[in-house]
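Numbering (the UniProt record's numbering) for the sequence shown: 1 to 307.
One structure below.
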Amino acid sequence: MEIPVIDFSELNGEKRGDTMALLHKACEQWGFFMVENHEIDTQLMEKVKQLINTYYEENLKESFYQSEIAKRLEKHENASDIDWESSFFIWHRPTSTIHEIPNISQELWQTMDEYVAEVVKLGEKLSEVMSENLGLEKDYMKKAFCGGDGDGAAVGTKVAKYPECARPELVRGLREHTDAGGIILLLQDERVGGLEFLKDGEWVKIPASKNNAIFVNTGDQVEVLSNGLYKSAVHRVMADKNGSRISIATFYNPIPEAIISPAPKLLYPTNFLYADYLKLYGSTKFGEKGPRFESMKNMNNNGNILA
Ligand SMILES: [Fe+2]
C-alpha cells in the first residue's frame, strides 16, 4: 500500500485541485499521509534532531537502560503492558513549559522554539485546507481548537527516542492507540523505521523519513469535528533490534477549554416532521438533496423556519 504523499507546494500551484482531492482522500481513507515541500528549513530540522539525539545521549540513555523496563527484558519477561521508549513532553502554547526540561541547553531551547514556530504554521495551513475540503469555512477547525475567540490552538511536542532493543519480540516501542488531539506533525528518524498504522485491518509500515518529509496523522478530535468523515487511525511503534529511532511529534490540538462537537454543517438534519419534509420535497424533488437537508436543519417541529 502506497502511503499518500502531499506535495504542499502544489496547494498554491497548478495542481491545487488534484492535491486537495488527494488530501481529502488521505484524510477519509487513511487518516495519515506524508507532506513534502512543506517549506520548513531543512537545516533547522537536522539541527533539532541532532540536538535531541545529543540530549538523549547525555541525559536519558544511561538511566533508560538501568530502568525497570530494561531489567524486565533482561530477565526475558513479557513486557506487553509497557512501552520501550524514552520520552518527554513540552507544551509550547498557550504557555511554554520548555524551561522545565532538566539540563536543556540554550541551543536546544532556541532551536526547538524556532522549529515549532515553523511546524505550527504547517499545522495551521493543514487545518485550513482540511476545513475547506470538508466544505467548512477556512478557519473553522482553527476556531474550534481555539475555543471560539482564543488566540490559538494548543501546541505541544512529544520528544521520544525508541532505544535499540535486544528483545523486540517482548515489547512494543509504543502500544496501539489513537491520538486524542487534532493534527499531529511528525519529524522522525531518517534511518530507523518502526511506526505502523492500521488501515483496513492491515498494519502499514511507515518508512523512515527521507529528506525530512513530515508525516501527518489526524487525532480523535478531527474525527469528531468532521462527524466521522476523517479518521483517527490506530498506530503503534515496533521496538527495533538494530538501531534507535528519534521521533519528534508536534500536536496541533484544541485548548482544554474548547467545546468539541461535529460541525453542524456536516450533520444530517434531525427531529423534523416527515410531513414537513414531504412538503419541501414536493417543490425541490428535482434538485439536489443536500440543500434540502440543510433547509430541514433550520425547521422546528411545527414546520416553521427558525430564525
Ligand atoms: Fe500516537
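For each residue, glycine too, the CB sits at the ideal point set by N, CA and C.
Note that the structure is a prediction, hence the values are computed from the model and not measured.
Going by the C-beta, is residue i closer than 7 Å to any heavy atom of ligand 1?
i	result
Asp189	no
Asp220	no
His235	yes
Alpha carbon to alpha carbon, what distance is there between residue j and residue i?
i	j	result
Gly243	Glu164	5 Å
Asn59	Val48	16 Å
Leu134	Gly17	14 Å
Asp276	Asn227	25 Å
Phe272	Tyr140	27 Å
Glu128	Gly182	13 Å
Glu46	Val35	17 Å
Ala249	Tyr281	49 Å
Glu132	Ser63	47 Å
Ile246	Thr19	29 Å
Val294	Glu169	According to the sequence provided, residue 294 is Glu. The question's Val does not apply to it. Distance between the alpha carbons of Glu294 and Glu169: 53 Å.
Gln106	Met112	10 Å
Thr54	Phe8	31 Å
Asp81	Leu225	31 Å
Lys279	Gly290	16 Å
Asn12	Gln110	30 Å
Ala21	Ile260	26 Å
Gly194	Ala144	33 Å
Thr157	Lys71	28 Å
Tyr268	Met299	13 Å
Gly287	Lys15	31 Å
Ala79	Arg175	11 Å
Ile85	Lys138	Note that residue 85 is Glu in the sequence shown, not Ile. Distance between the alpha carbons of Glu85 and Lys138 is about 37 Å.
Val171	Glu74	12 Å
Asp149	Ala180	22 Å
Thr95	Asn212	27 Å
Gln66	Met238	21 Å
Leu297	Ser283	Position check: residue 297 holds Lys in this sequence, whereas Leu was assumed. If you take the alpha carbons of Lys297 and Ser283, they lie about 17 Å apart.
Lys142	Lys121	12 Å
Would the beta-carbon of residue i fall within 8 Å of that of residue j?
i	j	result
Gly173	Asp83	yes
Ile184	His38	no
Phe251	Val119	no
Val216	Met1	no
Pro254	Ala160	no
Glu162	Asp41	The question names Glu, but residue 162 is Tyr in the sequence shown. Result no, Cβ atoms of Tyr162 and Asp41 do not sit closer than 8 Å.
Ile3	Ile206	yes
Thr178	Ser232	yes
Gly147	Glu257	yes
Lys210	Trp30	no
Glu114	Leu187	no
Glu196	Arg236	yes
Phe88	Ile101	yes
Leu136	Ala263	yes
Tyr230	Glu68	no
Val234	Ala208	no
Could you check whether the Cβ of residue i sits closer than 7 Å to any heavy atom belonging to ligand 3?
i	result
His177	In the structure on display, ligand 3 does not appear, and the ligands it does have are ligand 1.
What residue from the options has the CA that sits closest to residue i's CA?
i	options	result
Val116	Val129, Ile255, Ile90	Ile90
Ile104	His177, Ile206, Ile52	Ile52
Asp151	Glu74, Leu122, Arg93	Arg93
residue 308	Leu126, Lys265, Glu257, Gln106	For the chain, the structure presents residues 1 to 307; residue 308 sits outside this window and is missing.
His76	Ala166, Pro291, Lys285, Ile246	Ala166
Phe33	Met130, Lys15, Val171	Met130
Leu266	Tyr65, Ala180, Val222	Val222
Glu190	Gln50, Asn78, Glu14, Lys15	Gln50
Tyr56	Asn212, Leu108, Glu10, Met296	Leu108
Residue ranges of each alpha helix (DSSP H) run of no fewer than 4 residues wholly in the UniProt domain "Fe2OG dioxygenase" (151-254), ordered along the chain? 220-225
Please give the ranges of any alpha helix (DSSP H) in the region 46-100, keeping only runs that are unbroken, at least 4 residues long and fully inside the region. 61-65, 68-74
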